[in-house]
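A short write-up of the structure that comes next.
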Amino acid sequence: MRRVVLALGGTVAGLVMLLSFRSHMASTASAGVTAGSGGAGTSPGSGSAAGSGSAAGSGSAAGSGSAAGSGNSAASGAAAASAPVGAGSGTGTAVTGDAIATPYGPTQVQVTLNAGKIVKVTVLQHTDDGTNSQMIDGHALPLLDNETLTAQSAKIDAVSGASYTSAGYIKSLQSALDKASA
Amino acid sequence: MSGTRPGEPAGSVGPGDAARAAGVTGISVSNPDLPGPGATSPGGTRIGRPAGRLRHAEHVMGTVFSFDVPASAAPVLPEVLSWLHWVDATFSTYSGGSDVSRFGRGELTLAECAPELAEVIAECAVIKEQSDGYFTAWPGGRFDPSGLVKGWSIERASNMLSAAAKTGAGGAGPSGAGPGDTGASSTGASGTGHSVNGAGDIQCTGEPERGRPWRIGVAHPLHPSRLAVIVAGRDFAVATSGTAERGAHIVNPHTGLPATELASVTVVGPRISMADAYATAAFAMGGAAREWAESIDGYEAFAVAPDGTTWQTSGFAAYTAPA
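Residue numbers (my numbering), protein chains in the order written: chain A, -12 to 169; chain B, 8 to 330.
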């Protein structure tokens, strides 16, 4: 179970990364600010978030720029996330992250696990105010689903890509792999 | 290439500098038994891994080096990490007191510098010749061998792990072959090979699991969390050059302008020091890189253009695995 939980922490960190990246590309806003401001308290309409802590932990890790902090956050997030939340379809355990405040409004995802693997990513809440946000959602959210599943099912050991800085590493796929040790 | 240091000045302030300073001065190399899951070292985070494997992420050179090693490598890892911090201090172009900076200003002769500097300069010269000047240690006339130093240090770190595995009590060889040749800490199907990933450039040896090659995902430059291709192999290196976090930063040394014809270039081959430098040169070349890469013996290339189209050299398919 611990292994599953750690993998989830890494994956949720990856999701936060995705959200941060989209925001970053679209607006050049600081990804760190985006991730770091995550949490139910700052996100209107997020009161329904169950099994929170998972995304919140990862979010604060991404914002803090501390590798040690991110490890701890993944572990603590796992404790909260280990409570099954609405395994509706019977094909896995669904875990819901906190709503994350983005420059385009709150975004929240639900991850469904089966035997320790992500089988589904559902976006529970995404921005719907303004043309710009709709354009971003329409492009980014389908990618979010596909990319998460691709990285999860690809069974890769490491990721090669353009150089990242120490801060950029925290949002990288390699960072998620290191955390998950999957 | 030009100025392609892993961490640009703006990116290495704050947490990066703190981690670097802590690592240079405070890294613990005296503890042969590295702490277990969740514990931290001054420069990085230790991450536990089941089945006889160990992962470690070390903040150094303004970026992160990720290690995926057999647990039997734990005793030598601190020495490797300490060496990387020494490289950082010696080759930094951001520290005015480094050998590289003092050599660049003419305050030190090459003979007065660490002998590794001459080694790096010699390798730079070889690749500059091979790449028709697209790779240079003197971008814009200023001495900056950073484009080679990262790949070179990844390769050296990997070689240190291999040497220790050969002479170590466990006898875990770098090839990953041969059952029953590992120490007590290696169990079941875990492999005896290792990988060192320095900011996206990777040297792999042996196997991560018995009978399975390394599988390396190449990040898609246009969809940062999607993979463009997966390459697989046992003793090989994978390097990718592309537009980094803050936009184009590889300059074509012949024009002085940022290279924009490609979104990313990945080079695979035996040695990461060469693969990394070739990838940088190829990125600077742009469209002409395809023909050039085809002419480099032992190395293959894969590229993604800004419009999403891709090309690869004729031998690249030998490395691709079904995704």
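Heads up, the beta-carbon is just placed ideally off N, CA and C, and yes, glycines get one too.
Cα-Cα separation between residue i and residue j, rounded to whole angstroms
| i | j | result |
| --- | --- | --- |
| residue 263/B | residue 150/B | 15 Å |
| residue 171/B | residue 72/B | 19 Å |
| residue 150/A | residue 137/B | 23 Å |
| residue 294/B | residue 105/B | 37 Å |
| residue 0/A | residue 158/A | Only weak support exists for where residue 0/A lies, its pLDDT of 42 falling under 50; the value from the coordinates is given anyway. The alpha-carbon atoms of residue 0/A and residue 158/A are separated by roughly 8 Å. |
| residue 286/B | residue 258/B | 13 Å |
| residue 145/A | residue 126/B | 29 Å |
| residue 68/B | residue 79/A | 42 Å |
| residue 155/B | residue 85/B | 23 Å |
| residue 66/B | residue 250/B | 21 Å |
| residue 260/B | residue 82/B | 43 Å |
| residue 124/B | residue 117/B | 7 Å |
| residue 167/B | residue 212/B | 12 Å |
| residue 169/B | residue 236/B | 28 Å |
| residue 143/B | residue 196/B | 44 Å |
| residue 238/B | residue 152/A | 24 Å |
| residue 77/B | residue 70/B | 23 Å |
| residue 159/B | residue 81/A | 45 Å |
| residue 283/B | residue 130/B | 12 Å |
| residue 322/B | residue 256/B | 29 Å |
| residue 229/B | residue 310/B | 12 Å |
| residue 219/B | residue 326/B | 14 Å |
Neighbouring residues, chain A, relative to residue i (Cβ below 7 Å)
| i | result |
| --- | --- |
| residue 202/B | 144 and 145 |
| residue 134/B | Within 7 Å Cβ-Cβ: nothing; residue 134/B doesn't reach chain A, min ~17 Å. |
| residue 247/B | 147, 148 and 149 |
| residue 69/B | 152 and 153 |
| residue 92/B | Simply none; closest approach about 13 Å. |
Min CB distance residue i to chain A below 8 Å
| i | result |
| --- | --- |
| residue 89/B | no |
| residue 206/B | yes |
| residue 310/B | no |
| residue 291/B | no |
| residue 294/B | no |
| residue 261/B | no |
| residue 327/B | no |
| residue 209/B | yes |
| residue 215/B | yes |
| residue 127/B | no |
| residue 318/B | no |
| residue 81/B | no |
Classification of residue i by the beta-carbon crowding that lies within 10 angstroms, buried from 16 upward
| i | result |
| --- | --- |
| residue 313/B | exposed |
| residue 107/B | buried |
| residue 112/B | exposed |
| residue 304/B | exposed |
| residue 202/B | buried |
| residue 99/B | buried |
| residue 122/B | exposed |
| residue 133/B | exposed |
| residue 165/A | buried |
| residue 135/B | buried |
| residue 142/A | exposed |
| residue 174/B | exposed |
| residue 95/B | buried |
| residue 119/B | exposed |
Heavy atom of the ligand GTP within 7 Å of residue i beta-carbon
| i | result |
| --- | --- |
| residue 127/B | With respect to the ligand GTP, the structure shown offers nothing to examine, as it has no ligands at all. |
Element boundaries [beta strand (DSSP E), containing residue i]
| i | result |
| --- | --- |
| residue 62/B | 60 to 67 |
| residue 222/B | 221 to 226 |
| residue 234/B | 234 to 240 |
| residue 142/B | Counting along the chain, residue 142/B falls outside any beta strand (DSSP E), and DSSP gives it neither H nor E. |
| residue 162/A | From DSSP, residue 162/A is part of no beta strand (DSSP E) but of the alpha helix (DSSP H) over 160 to 167. |
| residue 114/B | It is not in any beta strand (DSSP E) - residue 114/B carries neither H nor E in the DSSP assignment. |
| residue 150/B | Unbroken run through residue 150/B: none, as it is neither H nor E. |
8 Å Cβ cut-off: residues of chain A touching residue i
| i | result |
| --- | --- |
| residue 75/B | 144 and 145 |
| residue 250/B | 149 |
| residue 221/B | 144 and 145 |
| residue 225/B | 146, 147 and 148 |
| residue 228/B | 148 and 149 |
Contact set between residue i and chain A, taken where Cβ atoms lie within less than 9 Å
| i | result |
| --- | --- |
| residue 271/B | 148 and 149 |
| residue 152/B | Within chain A, no residue comes near residue 152/B; the closest Cβ sits about 15 Å away, beyond 9 Å. |
Endpoints, the alpha helix (DSSP H) within which residue i is located
| i | result |
| --- | --- |
| residue 73/B | That residue, residue 73/B, is in no alpha helix (DSSP H); its beta strand (DSSP E) goes 70 to 77. |
| residue 86/B | 84 to 98 |
| residue 111/B | 106 to 111 |
| residue 131/B | 122 to 137 |
| residue 298/B | 296 to 301 |
is_contact[residue i, chain B] using C-beta, thresh 8 Å
| i | result |
| --- | --- |
| residue 152/A | yes |
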